[in-house]
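Letter by letter, the sequence shown follows residues 4 to 119 in the working numbering.
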Amino acid sequence: RMYYFVERQRMQWLTGMPGGGATCLQERGLRPAQLARFANTTLCLGDRIRAGLGQLLSSTRMLQDYMQGPENYDGLYACLRGVDHPTRTAVDTCLTHLGASTPVMEFWQDNIGYNR
């Protein structure tokens, strides 16, 4: 089922979705390239967070403060390049369907629409 699952635990933590949402996204018709793009943008956000905070598994409050910090926005936003509309729609649907919400996915949802 693709390299997407190599980072399964990290994707699960970042997205709040079991297995990073891969099963749900595949059921919604996303192709491997679209899944890979979603994984890459999400893992990029995770890498930026780890670089900025020195760790990935921070408290939700620390994470929200970091992601909302204006000085961090450009670096985080740079991760969101190249996600198409069908991917965004599928991710939004899966997050709602699975009841998932994390500061990372809130940032992703709030900002991905501006980067078409």
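For every residue, glycine included, the Cβ atom is placed at its ideal position computed from N, Cα and C.
Beta carbon of residue i nearer than 8 Å to that of residue j
i    : j    : result
C3   : C27  : In the structure displayed, the chain extends from 4 to 119; residue 3 sits before or after that span and is not available.
G85  : R51  : no
P89  : Q12  : no
N114 : Y80  : yes
D95  : Q112 : yes
G49  : L101 : no
Limits of the alpha helix (DSSP H) - the one that residue i falls within
i    : result
T96  : 88-101
Q29  : 25-30
C82  : It is not in any alpha helix (DSSP H) - C82 carries neither H nor E in the DSSP assignment.
M70  : 63-71
L48  : 35-56
E109 : 106-115
M14  : 11-18
7 Å CB neighbourhood of residue i in its chain, flanking five on each side removed
i    : result
P106 : T63, L66, Q67, M70
A103 : T18, G19, M20
Q58  : none
Same chain, Cβ closer than 6 Å to residue i, five either side skipped, listed in chain order
i  : result
R4 : With a pLDDT of only 43 at R4, under 50, the local geometry of the prediction cannot be trusted, and no value is derived from it.
Cβ-Cβ separation, residue j to residue i (assumed contact under 8 Å), whole Å
i   : j   : result
L33 : A93 : 5 Å
G22 : Q29 : About 10 Å separates the two Cβ atoms, so there is no contact after all.
Close-in-space but distant-in-sequence residues of the same chain around residue i (CB under 8 Å, 5 per side omitted)
i   : result
N75 : R51, G55, Y69
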